[in-house]
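**Student:**
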Amino acid sequence: MEPHERAAVGTFNEAQYQKEYRARNIERLTGYKKQHYRDNRERILSQQRAYAQPRKELIAERQRAYREKNKARLFEAKKKYYLENREAILAKKRKYTQKVSAQVIARRRAKRASSLMEMAKHNYNGSLRRAAEVSATPKWADRRAIESFYIAAQFLSTETGIKHSVDHICPLRGATVCGLHVADNLRVLAHTENCSKQNSFPTDEIV
Numbered sequence: 057m058e059p060h061e062r063a064a065v066g067t068f069n070e071a072q073y074q075k076e077y078r079a080r081n082i083e084r085l086t087g088y089k090k091q092h093y094r095d096n097r098e099r100i101l102s103q104q105r106a107y108a109q110p111r112k113e114l115i116a117e118r119q120r121a122y123r124e125k126n127k128a129r130l131f132e133a134k135k136k137y138y139l140e141n142r143e144a145i146l147a148k149k150r151k152y153t154q155k156v157s158a159q160v161i162a163r164r165r166a167k168r169a170s171s172l173m174e175m176a177k178h179n180y181n182g183s184l185r186r187a188a189e190v191s192a193t194p195k196w197a198d199r200r201a202i203e204s205f206y207i208a209a210q211f212l213s214t215e216t217g218i219k220h221s222v223d224h225i226c227p228l229r230g231a232t233v234c235g236l237h238v239a240d241n242l243r244v245l246a247h248t249e250n251c252s253k254q255n256s257f258p259t260d261e262i263v
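Counting in the working numbering, the sequence shown runs from 57 upward without gaps.
1. Put residue 238 into one of helix, strand or coil per three-state DSSP.
2. Based on DSSP bridge pairs, tell me the residues matched to residue 157.
3. From 213, 209, 228, pick the residue whose C-alpha is nearest to that of residue 193; which is it?
4. Return yes when the Cβ of residue 238 is within less than 9 Å of the Cβ of residue 202, no when it is not.
5. Can you tell which of 236, 218, 231 has its C-alpha closest to the C-alpha of residue 250?
6. Mapping the DSSP letters down to three states, classify residue 233 as helix, strand or coil.
7. Quick check on this structure: which residue in 191, 112, 246, 188 has the alpha carbon closest to the alpha carbon of residue 216?
8. Taking Cβ to Cβ, would you say residue 209 is nearer than 9 Å to residue 190?
9. Could you check which residue in 232, 224, 69, 240 has the C-alpha nearest to that of residue 253?
10. In three-state DSSP terms, what is residue 246?
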């Protein structure tokens with residue numbers, strides 16, 4: 057019955073009519089809403105954010121209260137939706153799992169490759185350093201005195217919790233001059249300070 061027909065018999069109720077109209081045209085109205093959202097997505101999202109941002113706590117509290125009040129009904133609705141869309145939901149989950157797995161594997165491979173490169177670089181630099189120390193250690197060098205610097209570095213690392221290492225004041229592989237691996241050319245530095253120094257030659261610190 058149309059509104060004018062209901063009005064004629066004096067029984068028209070706007071709220072009831074709207075409810076019945078929505079029930080009769082639910083698919084068509086749903087289609088209109090979806091199309092409207094697609095056509096105006098950015099504007100709608102912007103309006104929603106503008107409304108929700110200053111009311112976050114109030115909205116969250118209302119949502120909690122609604123979920124608590126309608127717990128059983130929401131559970132049944134979720135169950136019904138899952139049963140009706142089970143295959144699509146499972147397919148989506150499988151696709152997501154495959155995507156995440158591929159990303160995790162790729163990250164692990166990249167991390168492993170990076171670690172291997174760092175390890176190779178560390179080993180290479182270590183071999184160069186050891187070779188330089190051997191070639192730069194004269195026969196007359198006091199090896200006990202040299203060893204004491206490495207013991208001191210280990211002691212400081214343990215006591216302070218900060219890694220220390222032995223530095224050659226005049227680098228063994230300097231760009232312009234090379235020092236010797238002898239006690240007079242050694243000192244203990246925090247490892248970070250030693251790394252930042254690299255092979256620079258502090259002329260004001262020559263012993």
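Think of the CB as a built atom: it goes at the ideal place given N, C-alpha and C, for glycine as much as any other residue.
**Tutor:** The answer reads as follows:
1. coil
2. For residue 157, which the question treats as bridged, DSSP gives no partner whatsoever.
3. 228
4. yes
5. 218
6. coil
7. 246
8. no
9. 224
10. strand
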